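A short write-up of the structure that comes next.
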Amino acid sequence: MTQAMQGREEFGADRRGGIDPPQVGRSLPRFWGLALSVLVLGSLVGLSSGLLALFFEWIQRTVLGFVESPGVSTPSQVPTLRRVASVLIGGLVASLIWWFLRNRTRKVPSVGQAVKGADMPVWQTVLHVLTQIFLVATGGSIGREVAPREAGAMLGGIWWRAASRLGLRKDDRSLLVAAAAGAGFAGIYIAPLTGTFFGIEVLLTGVDMTAVMVTLSMSCLATLVGGSIKGFDSYYLVGHDSFSPWFMAFVLLAGPVMGLAGAGFRWLTTWAQNHRTTGPAIIWQLTGVALLTGLVSIWMPEVMGNGRALAQVGMSQHAVSGDSLVALLIPVCALLIMALAKAVLTTATIRAGASGGTLTPSIALGSSLGAAMGLVVSWWFPGLPLWQCAVLGAAALLAASQSAPLMAMSMLMEVCHLPVGGFMPLGFAVALSVAVSRLLRKGA
11 MTQAMQGREE
21 FGADRRGGID
31 PPQVGRSLPR
41 FWGLALSVLV
51 LGSLVGLSSG
61 LLALFFEWIQ
71 RTVLGFVESP
81 GVSTPSQVPT
91 LRRVASVLIG
101 GLVASLIWWF
111 LRNRTRKVPS
121 VGQAVKGADM
131 PVWQTVLHVL
141 TQIFLVATGG
151 SIGREVAPRE
161 AGAMLGGIWW
171 RAASRLGLRK
181 DDRSLLVAAA
191 AGAGFAGIYI
201 APLTGTFFGI
211 EVLLTGVDMT
221 AVMVTLSMSC
231 LATLVGGSIK
241 GFDSYYLVGH
251 DSFSPWFMAF
261 VLLAGPVMGL
271 AGAGFRWLTT
281 WAQNHRTTGP
291 AIIWQLTGVA
301 LLTGLVSIWM
311 PEVMGNGRAL
321 AQVGMSQHAV
331 SGDSLVALLI
341 PVCALLIMAL
351 AKAVLTTATI
361 RAGASGGTLT
371 PSIALGSSLG
381 AAMGLVVSWW
391 FPGLPLWQCA
401 VLGAAALLAA
411 SQSAPLMAMS
421 MLMEVCHLPV
431 GGFMPLGFAV
441 ALSVAVSRLL
451 RKGA
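Going by my numbering, the residue at position 406 of the sequence shown is 416; the numbering climbs one at a time, nothing skipped.
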């Protein structure tokens with residue numbers, strides 16, 4: 011058996027169907043090159059994610075006067091004027107920086123483009139990442155999960171250029187960049203499986219055993235390092251009720267509804283991204299949307315930030331007691347109005363020129379819609395745990411909006427520290443929601 015065939019059997023075929031020619035002067039077998047890459051990148055990406063989490067908390071404390079936590083996720087105690095001023099400052103500063111980055115310097119490619127081979131310029135990417143964190147920390151309505159992924163992808167590209175004698179194949183660059191991007195996500199949310207499935211489901215077009223081992227091990231290491239910096243607490247607080255087999259009846263109802271809502275939110279945000287402002291208009295448009303977000307926060311501070319506050323509201327709902335229909339309609343309408351406001355503000359923020367994610371806003375929408383549905387169902391069938399309805403809605407809507415069922419299911423399991431029994435209802439719900447979402451997109 012030739013050496014090339016042995017390498018093919020040990021590490022899997024090239025995802026494009028061939029094997030790269032031997033590299034001249036390489037000093038390590040590919041296995042050890044990948045192992046060293048995992049150790050170095052996993053540690054560096056975990057460190058960057060942990061530092062970004064600390065930067066986020068520092069900006070929140072300094073500008074907004076509030077630091078979110080699992081127990082207190084809504085800045086409702088912050089004076090109204092400071093809430094408005096914080097998000098307004100965030101929008102203005104972010105708009106100026108992004109106008110400069112997009113019109114006066116080398117543009118920062120997306121993570122997907124980096125996986126396909128685009129180089130991420132260092133200082134521009136660092137400034138781009140910090141600006142995203144700054145906007146969300148001051149109250150801007152957009153997700154912050156893209157920032158650690160971009161930081162990870164940048165580090166992956168730097169490592170690839172520096173590691174010229176590790177015996178790696180040419181296409182290993184895409185693998186390492188994708189794995190590092192997923193590890194960045196894992197390191198900031200303390201969710202190794204989520205980071206792994208993000209790299210596999212969203213970024214990599216072909217997957218073999220090598221890809222699984224690299225992405226999983228790198229995400230686990232980044233989680234260890236990032237968690238050692240920011241802590242391993244759950245991101246959301248939920249109840250402790252066991253998932254009942256009867257809960258599957260709610261899954262059959264909520265899954266398709268969340269698929270419909272997720273497809274709609276995906277369409278809105280995709281439209282906003284495709285029409286994102288990049289010229290000088292970003293300064294007044296993004297500042298204007300930030301002001302609008304601040305004004306809405308006077309009555310609904312839950313709409314601020316990446317959606318953690320709104321998601322926690324849904325997961326903290328309690329069943330309505332008594333026979334008054336008004337008592338039921340008040341929390342249901344409140345959840346629906348906040349969800350609508352969050353969807354509109356997030357779409358407007360992206361359209362106005364902001365860079366950021368839609369993942370945590372999707373969780374917020376799904377949690378509030380799931381809790382609203384749970385309130386209605388529990389009116390006729392008391393005893394239904396509303397936090398389970400909210401978590402299920404969050405996972406299902408996230409799966410539909412991102413077209414990533416494994417990532418969505420794993421994320422809610424990990425960030426809520428759910429027991430293993432949650433895999434059954436969440437898995438079925440995300441399967442239903444993604445099926446409905448795909449049918450809607452094909453019919454469109």
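Note that the Cβ used here is the ideal one computed from N, Cα and C, for glycine as well.
Fair warning: this is a prediction, and the values are worked out from it, not measured in the lab.
Original post:
How big is the Cα-Cα spacing for Gly289 and Met423?
Top reply: Residue 289 sits at position 279 when you count from the first residue of the sequence shown. Residue 423 sits at position 413 when you count from the first residue of the sequence shown. Approximately 41 angstroms, taken between the alpha carbons.
**OP:** Work out the CA separation of Ala300 and Val446 for me, nearest whole Å.
**Re:** Residue mapping note: residue 446 aligns to position 436 of the sequence shown, counting from 1. Residue mapping note: residue 300 aligns to position 290 of the sequence shown, counting from 1. Computed Cα separation, rounded: 33 angstroms.
Original post:
Cα separation between Gly75 and Leu450?
Top reply: Residue numbering aside, residue 75 sits at position 65 when the sequence shown is read from its first letter. Residue numbering aside, residue 450 sits at position 440 when the sequence shown is read from its first letter. Their Cα atoms are separated by approximately 43 angstroms.
Original post:
Residues in its own chain within less than 6 angstroms of Leu442 by CB, not counting five upstream and five downstream?
Top reply: Taking the first residue of the sequence shown as 1, we reach residue 442 at position 432. Closer than 6 angstroms at Cβ, skipping near neighbours: Gly265, Pro266.
Original post:
For Gly122, which residues from the same chain have a beta carbon less than 7 angstroms from its beta carbon, with the 5 sequence-adjacent residues on both sides left out?
Top reply: Position 112 of the sequence shown holds residue 122. Within the same chain, Gly122 has close Cβ partners Leu213.
Subject >> Sequence-distant residues of the same chain with beta carbon closer than 7 angstroms to Thr72, five excluded per side >> reply: Taking the first residue of the sequence shown as 1, we reach residue 72 at position 62. Answer for Thr72: no residue qualifies.
Original post:
Relative to the alpha-carbon of Val125, which residue among Trp108, Ala410, Ala190, His427 has its alpha-carbon at the smallest distance?
Top reply: Position 115 of the sequence shown holds residue 125. Nearest option by C-alpha distance: Ala190.
Subject >> contact_flag[the region 229-239, the region 95-106] where n(CB pairs < 8 angstroms) is 3 or more >> reply: no
**OP:** Classify Gly367 as helix, strand or coil using the three-state DSSP reduction.
**Re:** Residue 367 sits at position 357 when you count from the first residue of the sequence shown. In the structure shown, Gly367 sits in a strand (DSSP, three-state: E or B).
**OP:** May I ask which residues mark the beginning and end of the alpha helix (DSSP H) holding Arg154?
**Re:** Along the sequence shown, read from residue 1 onward, the residue named residue 154 stands at position 144. It is not in any alpha helix (DSSP H) - Arg154 carries neither H nor E in the DSSP assignment.
Original post:
Between Ile69 and the rest of its own chain, which residues show a CB-CB distance below 8 angstroms, the 5 nearest in sequence each way excluded?
Top reply: Residue mapping note: residue 69 aligns to position 59 of the sequence shown, counting from 1. The answer, listed in chain order, is Ile143, Phe144, Ala147, Thr148.
Original post:
So what's Gln87 in DSSP terms, helix, strand or just coil?
Top reply: One-based indexing of the sequence shown puts residue 87 at position 77. Note: Gln87 maps to coil in three-state DSSP.
Original post:
Between the Cα of Arg183 and the Cα atoms of Gly166, Leu226, Arg175, Leu416, which residue gives the shortest distance?
Top reply: Counting from 1 along the sequence shown, the entry for residue 183 is found at position 173. With distances taken between Cα atoms, Arg183 lies closest to Gly166.
**OP:** Sort Val440, Ala45, Arg40, Leu57 by Cα distance to Gly241 and report the nearest one.
**Re:** In the sequence shown, the residue the question calls residue 241 occupies position 231. Checked all of Val440, Ala45, Arg40, Leu57; the closest Cα to Gly241 is Leu57.
**OP:** Report back the beta-carbon spacing between Thr287 and Arg361 to the nearest angstrom; my notes put them in contact at under 8 angstroms.
**Re:** For the purposes of this step, residue 287 is identified with residue 277 of the sequence shown, where counting begins at 1. For the purposes of this step, residue 361 is identified with residue 351 of the sequence shown, where counting begins at 1. About 7 angstroms separates the two Cβ atoms, so the contact holds.
Original post:
Just how far apart, CA to CA, sit Val261 and Thr279?
Top reply: Translated into positions along the sequence shown, residue 261 becomes position 251. Translated into positions along the sequence shown, residue 279 becomes position 269. The straight-line gap from Cα to Cα measures roughly 26 angstroms.
Subject >> Neighbourhood of Leu176 by C-beta distance below 6 angstroms, restricted to the same chain and skipping five residues each side >> reply: Along the sequence shown, read from residue 1 onward, the residue named residue 176 stands at position 166. Excluding sequence neighbours, Leu176 sits near Leu38, Gly43.
Subject >> Pairwise C-alpha distance: Pro202 and Ala400 >> reply: Translated into the one-based positions of the sequence shown, residue 400 becomes position 390. Translated into the one-based positions of the sequence shown, residue 202 becomes position 192. So the two alpha carbons sit approximately 22 angstroms from each other.
**OP:** Please work out which residues of its chain come closer than 7 angstroms, Cβ to Cβ, to Val136, disregarding the five sequence neighbours upstream and downstream, and give them in chain order.
**Re:** For the purposes of this step, residue 136 is identified with residue 126 of the sequence shown, where counting begins at 1. Hits under 7 angstroms: none found.
**OP:** Please report the Cβ distance between Ser388 and Leu394, rounded to the nearest whole angstrom; I am assuming they are in contact, meaning their Cβ atoms lie under 8 angstroms.
**Re:** On the sequence shown, position 378 is the one that residue 388 refers to. On the sequence shown, position 384 is the one that residue 394 refers to. Between Leu394 and Ser388 the Cβ distance is about 4 angstroms, and since that is below 8 angstroms, they are a contact.
Original post:
Ala133: which of Thr84, Trp277, Glu160, Gly432 sits nearest, CA to CA?
Top reply: In the sequence shown, the residue the question calls residue 133 occupies position 123. As written in the sequence, residue 133 is Trp, which differs from the Ala given in the question. Closest by alpha carbon: Glu160.
Original post:
Using 8 angstroms as the threshold, is the region 319-332 in touch with the region 370-377, meaning 3 or more CB pairs across them?
Top reply: yes
**OP:** For my contact list, Ser59 and Gly197 are in at a C-beta cut-off of 8 angstroms; report their separation, rounded to the angstrom.
**Re:** For the purposes of this step, residue 59 is identified with residue 49 of the sequence shown, where counting begins at 1. For the purposes of this step, residue 197 is identified with residue 187 of the sequence shown, where counting begins at 1. Between Gly197 and Ser59 the Cβ distance is about 3 angstroms, and since that is below 8 angstroms, they are a contact.
Original post:
Apart from the five residues just before and just after Glu67, which ones in its own chain have a Cβ nearer than 6 angstroms to its Cβ?
Top reply: On the sequence shown, position 57 is the one that residue 67 refers to. Excluding positions up to five away in sequence, the list reads Val77.
Original post:
Taking just the CA atoms, how far does Phe275 sit from Asp30?
Top reply: Within the sequence shown, residue 30 is the residue found at index 20, counting from 1. Within the sequence shown, residue 275 is the residue found at index 265, counting from 1. At Asp30, the pLDDT of 45 sits below 50, so the modelled position is not reliable; the number obtained from the coordinates is stated separately. Distance between the alpha carbons of Asp30 and Phe275: 42 angstroms.
Subject >> Element boundaries [alpha helix (DSSP H), containing Phe66] >> reply: Locating residue 66 in the sequence shown gives position 56, counting from the first residue. Its alpha helix (DSSP H) spans residues 40-69.
Original post:
Pick from Leu46, Leu61, Met325, Arg116: whose alpha carbon is nearest that of Tyr245?
Top reply: The residue you call residue 245 lines up with position 235 of the sequence shown. Measuring from the Cα of Tyr245, the nearest candidate turns out to be Met325.
Subject >> Nearest to Phe253 (by Cα), restricted to the options Arg448, Val55, Pro435 >> reply: Taking the sequence shown and counting its residues from 1, the one referred to as residue 253 is at position 243. Phe253 has its Cα closest to that of Pro435, out of Arg448, Val55, Pro435.
Subject >> CA-to-CA distance, Ala337 to Arg448, given in whole angstroms >> reply: Numbered from 1 along the sequence shown, position 438 holds the residue referred to as residue 448. Numbered from 1 along the sequence shown, position 327 holds the residue referred to as residue 337. Approximately 37 angstroms between the Cα atoms of the pair.
Subject >> Nearest neighbour of Ala271, chosen from Leu46, Gln412, Leu91, Ser83 [CA to CA] >> reply: As a position in the sequence shown, residue 271 is number 261, starting the count at 1. Of the candidates Leu46, Gln412, Leu91, Ser83, the one whose C-alpha sits nearest the C-alpha of Ala271 is Gln412.
**OP:** Taking only the alpha-carbon atoms, compute the straight-line gap between Ala156 and Ala104 and give it to the nearest angstrom.
**Re:** What you label residue 156 is simply residue 146 of the sequence shown in a count that begins at 1. What you label residue 104 is simply residue 94 of the sequence shown in a count that begins at 1. Before going on, a small fix: residue 156 reads as Val here, not Ala. The straight-line gap from Cα to Cα measures roughly 15 angstroms.
Subject >> Spatial neighbours of Gly249 in its chain, beta-carbon cut-off 7 angstroms, leaving aside the 5 residues before and after >> reply: Numbered from its first residue, the sequence shown carries residue 249 at position 239. Counting only Cβ-Cβ distances below 7 angstroms, and skipping sequence neighbours, we find Pro395, Trp397.
Original post:
So, helix, strand or coil for His138, using DSSP?
Top reply: The sequence position of residue 138 within the sequence shown is 128, counting from 1. In this structure, His138 counts as helix in the three-state DSSP scheme.
**OP:** Locate the alpha helix (DSSP H) running through Asn316, then write down its first and last residues.
**Re:** Numbered from 1 along the sequence shown, position 306 holds the residue referred to as residue 316. Where Asn316 is concerned, there is no enclosing alpha helix (DSSP H), given that its DSSP letter is neither H nor E.
Original post:
In whole angstroms, what separates the C-alpha of Gly432 from that of Trp390?
Top reply: Numbered from its first residue, the sequence shown carries residue 432 at position 422. Numbered from its first residue, the sequence shown carries residue 390 at position 380. C-alpha separation (whole angstroms): 24 angstroms.
Original post:
Between which two residues does the alpha helix (DSSP H) containing Asp333 stretch?
Top reply: Translated into the one-based positions of the sequence shown, residue 333 becomes position 323. It is not in any alpha helix (DSSP H) - Asp333 carries neither H nor E in the DSSP assignment.
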